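Engineer:
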Ligand SMILES: O=C(O)CCC(=O)C(=O)O
Ligand SMILES: [Fe+2]
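In the working numbering, the protein residues as written are 127 to 417.
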């Protein structure tokens with residue numbers, strides 16, 4: 127772990143975020159209010175808000191070291207899913223690309239594998255950060271996700287891997303890039319490619335056929351904090367090249383307080399480790415009832 131002074135503030139955002147550039151501590155006056163308005167306008171106009179260098183350089187090394195130290199305990203997950211992560215319109219022809227399952231391999235730490243005293247968990251739990259994320263999206267209320275596995279994840283894509291095209295199951299996704307790929311590993315998306323009623327089929331089909339010419343990509347260095355409408359924008363990460371993994375933290379928020387994800391979805395995503403935790407818990411419950 128890097129020996130740097132991370133300060134003594136109780137809200138970890140105050141220690142980790144570059145507050146001179148991104149004044150999230152006071153969003154109601156002066157520079158902070160102007161900055162918030164810029165973020166809100168960008169979110170509204172484009173469906174994303176990309177904040178390069180959000181974490182200041184000194185703290186980034188500590189976050190990166192922390193993630194690299196924990197990743198050896200992570201599961202290697204082979205994730206198979208269609209782009210909607212669920213039901214497919216049964217009227218689609220059998221060869222339609224939207225019926226296809228796409229597979230990617232990710233080394234992933236679920237929320238329960240990220241101890242409460244880690245910097246990343248403390249950043250996620252920051253009230254200042256949650257409030258900033260809520261206000262950028264102009265939501266009346268926003269909560270950190272209550273699911274014991276999904277709330278905060280750290281995801282490593284090793285060279286040769288990509289993150290398959292998909293829509294997220296929550297409206298807005300927040301990601302923090304902890305370590306960039308040497309090359310490749312671009313976060314790529316079609317902003318607002320669907321609404322609750324329709325989908326831009328032409329754009330979606332073009333991307334699924336491998337044509338990347340219309341996707342939005344950012345030049346994202348480590349420390350970049352990105353909010354985007356992942357539930358409405360088809361997205362993924364292009365193949366990672368080089369000699370080290372690309373590492374991101376995925377921060378999940380929900381407009382509904384206390385909502386958890388169903389056990390079968392969590393088992394589908396997180397595999398055998400979570401299947402065992404849930405089965406053991408069930409067995410203990412049954413035993414307690416019988417005993
Ligand atoms: O790693 C990223 O930058 C995005 C990952 C993503 O889309 C997801 O976890 O849903
Ligand atoms: Fe996603």
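Beta carbons are placed, not taken as given, at the ideal position from N, Cα and C, and that holds for glycine.
Keep in mind it's a predicted model, so treat the numbers as computed, not measured.
Determine the DSSP secondary structure at residue 151, reduced to helix, strand or coil.
Structural biologist: Coil at residue 151, not helix or strand.
Engineer: Which runs of the alpha helix (DSSP H) fall wholly inside the segment 151-177 and span at least 4 residues, in chain order?
Structural biologist: Correct list: 156-172.
Engineer: Could you check if residue 338 is buried or exposed, using at least 16 other CB atoms within 10 Å of its CB as the buried criterion?
Structural biologist: Classification for residue 338: exposed.
Engineer: What's the gap between the Cα of residue 368 and the Cα of residue 400?
Structural biologist: Between residue 368 and residue 400, the C-alpha separation is close to 31 Å.
Engineer: Given 7 Å as the limit, tell me if residue 351 has its C-beta closer than that to any heavy atom belonging to ligand 1.
Structural biologist: It does not: the Cβ of residue 351 is nowhere closer than 7 Å to a heavy atom of ligand 1.
Engineer: Rounded to whole angstroms, what's the CA-CA distance from residue 410 to residue 388? Just pull it up for me.
Structural biologist: Each residue's Cα considered, the two are about 19 Å apart.
Engineer: For residue 199, which residues in the same chain have their Cβ closer than 8 Å to its Cβ, ignoring the five residues on either side in sequence?
Structural biologist: So the list reads 235 and 239, once near-sequence residues are dropped.
Engineer: Is the closest heavy atom of ligand 2 to the C-beta of residue 294 under 7 Å?
Structural biologist: Yes; taking the cut-off as 7 Å, the Cβ of residue 294 has a heavy atom of ligand 2 nearer than that.
Engineer: Identify every run of the beta strand (DSSP E) within the segment 331-389, keeping only runs that are complete inside it and at least 3 residues long; order them along the chain.
Structural biologist: Runs of the beta strand (DSSP E) inside the segment 331-389: 351-354, 361-363 and 372-377.
Engineer: Taking just the CA atoms, how far does residue 299 sit from residue 341?
Structural biologist: In a straight line, the C-alpha of residue 341 is about 17 Å away from that of residue 299.
Engineer: Relative to ligand 2, is the shortest distance from any of its heavy atoms to the C-beta of residue 107 smaller than 7 Å?
Structural biologist: What is shown of the chain runs 127 to 417, which leaves residue 107 out entirely.
Engineer: Which one or two residues does DSSP pair with residue 279 in a beta bridge?
Structural biologist: Paired residue(s): 376.
Engineer: Out of 225, 272 and 374, which has the shortest C-alpha to C-alpha gap to residue 217?
Structural biologist: Among 225, 272 and 374, the Cα nearest to that of residue 217 is on 225.
Engineer: Ligand 1 and residue 204: does any heavy atom of the ligand fall closer than 7 Å to the residue's C-beta?
Structural biologist: Residue 204 Cβ: outside cutoff for every heavy atom of ligand 1.
Engineer: Roughly how many angstroms lie between the CA atoms of residue 266 and residue 197, to the nearest whole one?
Structural biologist: Cα-Cα distance, rounded: 36 Å.
Engineer: Tell me whether the segment 246-263 and the segment 153-168 touch, counting them as touching only if at least three CB pairs, one residue from each stretch, are closer than 8 Å.
Structural biologist: Touching, yes.
Engineer: Pull up the distance between the alpha-carbon of residue 229 and that of residue 157, whole angstroms please.
Structural biologist: Going by the C-alpha atoms only, they are around 44 Å apart.
Engineer: Just to confirm, are residue 357 and residue 273 a CB contact at a threshold of 8 Å?
Structural biologist: No, they are not a contact pair.
Engineer: With DSSP as the reference, identify every bridge partner of residue 234, one or two as the case may be.
Structural biologist: BP columns for residue 234 point to 201 and 281.
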